[in-house]
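Take a look at the structure below.
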Amino acid sequence: MPDVAGDAARAARTLDWVGMDRIALPVRIAGEAGVAMQVPAAVDIAVDLRDADVRGIHMSRLYLRLQDALTAESPSHAGLRRVLQDCIDSQQGLSTRARIAIRYEHLLKRRALASDNSGWKAYPVEIVATLADGHLALDMTFSVDYSSTCPASAALSRQLNADRFAEDFATSGAVPAAGVRDWLASERGLAATPHAQRSRATITVGLRPAFDELPLASLVDAVEAALGTPVQTAVKREDEQAFAALNAANLMFCEDSARRIAAVLAGDARVEHYDATVSHLESLHAHDAVARVSGRNA
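When you number the sequence shown by this note's numbering, it's gap-free, plus one each residue, and the end is 924.
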């Protein structure tokens with residue numbers, strides 16, 4: 627059968643990248659307790675075209691290699707290096723570098739804060755690996771959703787609550803502790819509430835090759851612990867109350883959130899460099915409050 631991809635190009639020129647985007651493929655990942663599972667993913671694959679006179683690359687070879695490789699083992703430094711080198715070799719001298727991007731949602735089981743319940747949470751993940759001149763660069767991007775309560779709004783709310791207390795007990799003289807408690811538990815005891823909102827941290831880390839496994843779950847755990855208020859799954863009343871207490875203990879501007887995340891990533895030996903964007907989807911404003919932070923570890 628004819629194959630015109632090998633014909634001479636009419637306008638000779640090398641190309642930076644040629645390939646396919648958004649290929650639907652199952653990808654093997656390590657699930658809970660290390661159990662392997664397959665999840666649906668969207669995959670981009672590309673190679674360079676270094677021969678200026680050749681019309682095109684062999685795309686079907688890339689597709690078939692991905693189809694086999696991504697279901698055989700979970701993404702890792704060593705595994706992705708093999709996949710990309712195989713893609714380069716499949717072009718029989720036309721290419722010298724390759725790039726892959728894998729996007730999927732990773733499910734992690736999360737325990738409730740107070741009750742004996744748990745539920746699943748989906749974390750968007752993108753893995754990007756580039757092999758050039760024998761060097762593999764591997765970046766992983768993931769997102770964490772959390773709640774942020776505005777420190778300024780909390781201070782203003784406390785002032786209104788204090789003003790109402792002074793108003794209600796202006797002529798009462800000394801107030802017994804039980805009376806104060808009853809008042810705080812009544813509707814009069816809440817003159818205002820601070821505004822809070824669901825927020826998202828999108829984090830990209832460049833991973834060192836000395837650590838072969840991709841540390842998604844442990845990085846998610848570390849970031850959520852630093853923020854203190856990750857969104858929940860299964861929630862009973864006692865969990866909701868515990869979540870309210872965590873929000874009060876972790877009042878955050880977007881700047882605070884970004885600094886907490888940077889402190890985690892800057893101290894992680896697996897991370898070569900990082901870039902994080904936090905977005906507080908404001909309930910007070912019609913716009914988002916956003917902070918960005920980046921760094922490179924020694």
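Yeah, the Cβ is synthetic: ideal placement off N, Cα and C, and Gly gets one too.
Given a threshold of 16 other Cβ atoms within 10 Å of its Cβ, counted over all protein chains shown, does residue i qualify as buried or as exposed?
i, result
"His911", "exposed"
"Glu850", "buried"
"Thr640", "exposed"
"Val801", "exposed"
"Ala695", "buried"
"Arg723", "buried"
"Met663", "exposed"
"Leu690", "exposed"
"Arg725", "buried"
"Asp674", "buried"
"Leu855", "Sequence inspection shows Thr at residue 855; the Leu mentioned does not correspond to that position. Answer is buried; the Cβ neighbour count reaches 16."
"Gly645", "buried"
"Val661", "exposed"
"Thr697", "exposed"
"Arg784", "exposed"
"Ala889", "exposed"
"Arg863", "exposed"
"Ser702", "buried"
"Ser774", "buried"
"Ala822", "buried"
"Pro666", "exposed"
"Ser883", "buried"
"Ala704", "exposed"
With DSSP collapsed to three states, give me the class of residue i.
i, result
"Met878", "coil"
"Arg896", "coil"
"Glu699", "coil"
"Ala870", "helix"
"Gly832", "strand"
"Ala902", "strand"
"Glu850", "helix"
"Ala943", "For the chain, the structure presents residues 627 to 924; residue 943 sits outside this window and is missing."
"Val857", "coil"
"Ala912", "coil"
"Ala843", "helix"
"Gly705", "helix"
"Leu710", "helix"
"Gln823", "strand"
"Ser721", "coil"
"Asp715", "helix"
"Asp865", "helix"
"Arg691", "helix"
"Leu891", "helix"
"Ala917", "strand"
"Arg729", "strand"
"Arg886", "helix"
"Asp647", "strand"
"Arg639", "coil"
Give the C-beta separation of residue i and residue j to the nearest angstrom, bearing in mind that I take them to be a contact with Cβ-Cβ under 8 angstroms.
i, j, result
"Leu706", "Leu651", "That belief does not hold up - the Cβ atoms of Leu706 and Leu651 are roughly 14 angstroms apart, past 8 angstroms."
"Ala827", "Ala902", "6 angstroms"
"Asp642", "Asp670", "That belief does not hold up - the Cβ atoms of Asp642 and Asp670 are roughly 14 angstroms apart, past 8 angstroms."
"Leu739", "Gln858", "7 angstroms"
"Trp809", "Asp794", "7 angstroms"
"Ala659", "Ser700", "That belief does not hold up - the Cβ atoms of Ala659 and Ser700 are roughly 14 angstroms apart, past 8 angstroms."
"Arg834", "Glu898", "5 angstroms"
Residue i CB to nearest chain C CB: under 7 angstroms?
i, result
"Pro666", "The chain labelled as chain C is not found in the depicted structure, where only one protein chain is given."
Beta strand (DSSP E) runs wholly inside the segment 650 to 687, at least 3 long, in chain order: 662 to 675
Restricting to runs no shorter than 4 residues, where is the alpha helix (DSSP H) found entirely within the segment 740 to 816? 777 to 794 and 803 to 811
For the segment 873 to 880 against the segment 915 to 923, do three or more pairs of beta-carbon atoms, one drawn from each stretch, fall closer than 8 angstroms, so that the two count as touching? A contact exists between the segment 873 to 880 and the segment 915 to 923.
The segment 736 to 750 contacting the segment 793 to 810, beta-carbon criterion three pairs below 8 angstroms: no
Measuring CB atoms only, is the segment 824 to 840 touching the segment 753 to 772, in the sense that at least three cross pairs come out at less than 8 angstroms? yes
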